[in-house]
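Throughout the sequence shown, residue numbering follows numbering that gives the first Met the number 0, covering 0 to 184 in sequence.
Built from N, CA and C at the ideal position, the CB exists for glycine as well.
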Amino acid sequence: MTGSPGEGGLLPRCLDMIFNSIGPFQAKRYVFRLDDKNGVEVQCEVDALLERQKREALPVPKTPVGNRRQIDPEIADMINVQDNCKLEDVDEDSVYSVFVSYIEIYNNYIYDLLDESPFDPTKPKWNNCGTPLRNADLTFPQSKILREDQNHNMYVAGCTEVEVKSTEEAFEVFWRGKKLSYFLK
Numbered sequence: 000m001t002g003s004p005g006e007g008g009l010l011p012r013c014l015d016m017i018f019n020s021i022g023p024f025q026a027k028r029y030v031f032r033l034d035d036k037n038g039v040e041v042q043c044e045v046d047a048l049l050e051r052q053k054r055e056a057l058p059v060p061k062t063p064v065g066n067r068r069q070i071d072p073e074i075a076d077m078i079n080v081q082d083n084c085k086l087e088d089v090d091e092d093s094v095y096s097v098f099v100s101y102i103e104i105y106n107n108y109i110y111d112l113l114d115e116s117p118f119d120p121t122k123p124k125w126n127n128c129g130t131p132l133r134n135a136d137l138t139f140p141q142s143k144i145l146r147e148d149q150n151h152n153m154y155v156a157g158c159t160e161v162e163v164k165s166t167e168e169a170f171e172v173f174w175r176g177k178k179l180s181y182f183l184k
């Protein structure tokens, strides 16, 4: 699915084709907003700009001066696809945004692998009385619910969906979820 170092698999190739095809027609971040019911709302440019400014004002981890965002070395070779495939008949009168999510179905439970508040076994868990919980009492991430939207399409309610603007960014989000997937098992 992901391929091996030096030879990208299905996922990096598909992502690369999507972004090669819609590259010049991508909407700016936060123009499209997901409504948690498997739908999309379109914001005006002013609201999108305010949302971008608000998000950019949040503290960001420091990176070395002069370096752009570094790609995780574990995935750098897998996403370096040289195919340059693209869809020729993209509607040039439309704008596009790509949102990704990553869920895992395990023992009939649905887990959101991009949830920002996952289970952390290194931190002690405490009950309401202030006493530590035993290992058997540890709580894992909350299972999500499968729902049907108004068009009879199935979706995972409350799932984290991340807007991405490049193959590299999408694959980094995937890799972050993949690491949590290994941890949950």
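### Beta-carbon proximity of T166 to D34, cut-off 7 angstroms
no
### Query
Since K143 sits in a beta bridge, which residues does DSSP pair it with?
I109
### Query
Hey, would you say K143 sits closer than 7 angstroms to I104, going by beta carbons?
no
### Task
Identify every residue that forms a DSSP beta bridge with L33.
V39
### Task
Have a look at L48, R54, E87 and E50 and flag the residue whose alpha-carbon is nearest the alpha-carbon of P23.
E87
### Task
Could you work out which residue in N150, M153 and A26 is closest to R51 when comparing CA atoms only?
A26
### Query
Ends of the alpha helix (DSSP H) at V45?
E44 to E55
### Task
Could you tell me how far apart the beta carbons of A169 and V97 are, in whole angstroms, since I believe they sit closer than 8 angstroms?
7 angstroms
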